[in-house]
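Take a look at the structure below.
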Amino acid sequence: MTTRLGTTITKKIMEEQRQFPKATGDFSGMLYELVVGLKVIAYEVNKAGLMSILGQAGSTNIQGEVQQKLDIFANTTLIHKMDHTGYLCGMASEEVDDIIEIPDRHPQGGKYVLLFDPLDGSSNIDVNVSIGTIFAVYRKISDHPKCTMEDFLQPGTQLLAAGYAVYGSSTMFVYTTGLGVHGFTLDPGVGEFILSHPNMKSPDKGGIYSINEGNSINWDAKTHKVVEHFKANDKTDGRPYSGRYIGSLVADFHRNLLKGGIFMYPPDKKSPNGKLRLMYEAIPLAFIAEQAGGMAIDATGRRILEIPPKELHQRTSLYIGSRQDVETVRKLLG
Ligand code: P6P
């Protein structure tokens with residue numbers, strides 16, 4: 386509905402559902418439930434400093450990364466929010482080794498699978514830097530009654546929806562179902578996400594490059610050439626670009642989506658396949674980038690959405706953002 390508050394996310398989801406006459410409402414219902422889960426995470430993140438929920442949990446995840454208490458809270462929140470809805474046949478999380486099946490005590494036969502990074506950038510939690518949640522939704526494709534790995538290892542071209550929440554100076558929810566990218570800002574007083582950025586479009590060429598230059602000793606010659614390109618002095622081309630790197634993928638991506646620019650995480654000696662995760666980081670953000678007129682490739686120049694996944698937690702290099710800037714990188718890496 387559109388109230389004095391503006392257009393709520395409920396109304397936007399319903400508007401999009403109406404474009405699919407055969408829709409049963411399950412997809413919309415699944416998105417509603419997910420949004421509630423994100424609100425719960427936002428509430429906890431935004432008061433983390435006041436609770437004993439900061440700091441390390443004393444455990445590590447499959448990535449070998451030290452888990453923060455909020456990592457585990459966000460992961461548990463999404464799993465418990467979504468596992469009994471009947472909309473999903475399974476989930477996958479950065480924090481969990483294998484696929485997460487729907488317990489037999491809950492409704493079975495869900496049509497969708499949900500993949501997520503429950504709290505990306507969590508090393509920044511204790512220093513009050515923006516962090517985020519990233520998600521991707523596919524249709525179940527296997528004819529097995531329970532979900533199988535085949536349902537998860539689908540290329541990004543098969544995505545039904547993707548989005549993220551960014552917990553920063555305000556909490557925003559940005560998503561696409563293939564009908565453009567829409568941004569909502571949480572009105573904490575009412576607890577509603579209100580449409581604040583309809584039909585988001587990324588500037589075709591930016592003025593920002595985002596990369597961790599602390600890794601430069603591990604870069605290859607082509608990566609040095611790419612970074613030097615954006616740092617070179619060519620006023621006719623708007624260079625040098627400004628360097629901006631938050632260290633939270635969602636925050637860096639969101640800034641570049643709004644202002645224009647390119648985020649790069651190249652392969653290097655430490656991370657020969659890149660550091661970021663294909664299934665629940667690169668693919669969902671690539672879907673959003675392309676829907677907003679941008680572009681996303683890996684170091685070989687492949688479109689992220691066309692990379693055939695082989696493993697649930699596989700890594701990828703990533704160059705994502707304004708179309709002209711990513712095209713420039715593809716030429717320089719060629
Ligand atoms: P580095 C956070 O841990 C993360 O997964 C992304 O959010 C972020 O873009 C990247 O890693 C930062 O990695 O190696 O620059 O610290």
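The numbering used here applies: residue 386 is where the sequence shown begins, and numbers increase by one.
Every residue gets a Cβ at the ideal spot worked out from N, C-alpha and C, and that includes glycine.
Since this is a predicted model, take the numbers as computed values, not measurements.
To the nearest angstrom, report how far apart Ser601 and His609 are at their CA atoms. Residue 601 sits at position 216 when you count from the first residue of the sequence shown. Residue 609 sits at position 224 when you count from the first residue of the sequence shown. Going from the Cα of Ser601 to the Cα of His609 covers about 8 Å.
Contact criterion: CB-CB distance below 9 Å. Does Leu690 meet it with respect to chain D? In the structure shown, chain D does not exist; there is a single protein chain.
Length of the line joining the Cα atoms of Gly391 and Ile579: For this step, residue 391 is matched to residue 6 along the sequence shown. For this step, residue 579 is matched to residue 194 along the sequence shown. So the two alpha carbons sit approximately 6 Å from each other.
Between Ile519 and the rest of its own chain, which residues show a CB-CB distance below 7 Å, the 5 nearest in sequence each way excluded? On the sequence shown, residue 519 is found 134 positions in, with the first residue counted as 1. Once the five neighbours on either side are set aside, the close Cβ partners of Ile519 are Phe501, Asp502, Asp505, Tyr549, Val635, Tyr665, Glu666, Pro669, Leu670.
What do you reckon, are the CB atoms on Arg629 and Lys616 nearer than 9 Å? By 1-based counting over the sequence shown, the position of residue 629 is 244. By 1-based counting over the sequence shown, the position of residue 616 is 231. Not closer than 9 Å, so no.
Roughly how many angstroms lie between the CA atoms of Asn618 and Asp528, to the nearest whole one? Looking up residue 618 in the sequence shown gives position 233. Looking up residue 528 in the sequence shown gives position 143. Taking the straight line from one Cα to the other gives about 57 Å.
Which residues bound the beta strand (DSSP E) around Met476? Mapped onto the sequence shown, residue 476 falls at position 91. Here the beta strand (DSSP E) through Met476 covers 473-478.
Closest to Gly574 by CA distance: which of Ser555, Thr561, Met585 is it? Position 189 of the sequence shown, counted from the start, is the residue given in the question as residue 574. The option with the nearest alpha carbon to Gly574 is Ser555.
Among the residues of its own chain, which have a CB less than 6 Å from the CB of Thr533, if the five just before and after it don't count? For the purposes of this step, residue 533 is taken as the residue at position 148 of the sequence shown. Excluding residues within five positions, the ones whose Cβ falls inside 6 Å are Ser527.
Can you tell me the Cβ-Cβ gap for Asn509 and Gly632, rounded? I've got them flagged as a contact below 8 Å. By one-based count along the sequence shown, residue 509 stands at place 124. By one-based count along the sequence shown, residue 632 stands at place 247. Indeed they touch by this definition, with Cβ atoms about 6 Å apart.
Report the residue from Lys424, Ser413, Phe405 whose alpha carbon sits nearest the alpha carbon of Phe558. As a working mapping, residue 558 is identified with position 173 in the sequence shown. The residue with the shortest Cα to Cα distance from Phe558 is Lys424.
Relative to the alpha-carbon of Ser702, which residue among Gly678, Ile596, Ala546, Glu400 has its alpha-carbon at the smallest distance? By one-based count along the sequence shown, residue 702 stands at place 317. The candidate whose alpha carbon is nearest that of Ser702 is Ile596.
Quick one: what does DSSP say Arg403 is sitting in, helix, strand or coil? The count along the sequence shown starts at 1 and reaches residue 403 at position 18. In the structure shown, Arg403 sits in coil (DSSP, three-state: anything other than H, G, I, E or B).
Are the CB atoms of Pro540 and Leu690 within a distance shorter than 9 Å? The residue you call residue 690 lines up with position 305 of the sequence shown. The residue you call residue 540 lines up with position 155 of the sequence shown. The answer is yes: Cβ separation under 9 Å.
Rounded to whole angstroms, what's the CA-CA distance from Leu538 to Pro693? Just pull it up for me. Here the question's residue 538 lines up with position 153 in the sequence shown. Here the question's residue 693 lines up with position 308 in the sequence shown. Going by the C-alpha atoms only, they are around 8 Å apart.
Within 10 angstroms of the Cβ of Gly706, are there 16 or more other Cβ atoms? Answer buried if so, exposed if not. Stepping through the sequence shown from its first residue, residue 706 is reached at position 321. Buried is the call here.
Which stretch, first to last residue, makes up the alpha helix (DSSP H) that contains Gly517? Residue mapping note: residue 517 aligns to position 132 of the sequence shown, counting from 1. Taken as a continuous stretch (DSSP letters only), Gly517 belongs to no alpha helix (DSSP H), being part of the beta strand (DSSP E) at 516-524.
Would Gly686 and Leu661 be called neighbours here (beta carbons separated by less than 9 Å)? Reading the sequence shown from its first residue, position 301 is the one you call residue 686. Reading the sequence shown from its first residue, position 276 is the one you call residue 661. Contact flag unset, no.
Expressed to the nearest angstrom, what Euclidean distance is found between the alpha-carbon atoms of Asp489 and Asp456? Against the sequence shown, residue 489 aligns to sequence position 104. Against the sequence shown, residue 456 aligns to sequence position 71. Roughly 26 Å separates the two Cα atoms.
If we count the other Cβ atoms within 10 Å of its Cβ and call it buried at 16 or more, is Gly494 buried or exposed? Within the sequence shown, residue 494 is the residue found at index 109, counting from 1. Result: exposed.
N- and C-terminal bounds of the beta strand (DSSP E) containing Ala681: Taking the first residue of the sequence shown as position 1, residue 681 is located at position 296. Per DSSP, Ala681 belongs to the beta strand (DSSP E) from 680-682.
When we look at the beta-carbon of Ala561 and count the other beta-carbons within 10 Å, is it buried (16 or more) or exposed? Mapped onto the sequence shown, residue 561 falls at position 176. Position check: residue 561 holds Thr in this sequence, whereas Ala was assumed. Burial check for Thr561: the Cβ neighbour count within 10 Å reaches 16 or more, so the residue is buried.
Which residue comes first and which comes last in the beta strand (DSSP E) that contains Glu577? Translated into positions along the sequence shown, residue 577 becomes position 192. From DSSP, the beta strand (DSSP E) with Glu577 extends over 577-582.
Should Pro505 be listed as close to ligand 1, given that the test is whether its C-beta is under 8 Å from any heavy atom? To locate residue 505, count along the sequence shown from 1; it is residue 120. Note on residue identity: the sequence assigns Asp, not Pro, to residue 505. Result yes, Cβ under 8 Å from ligand 1.
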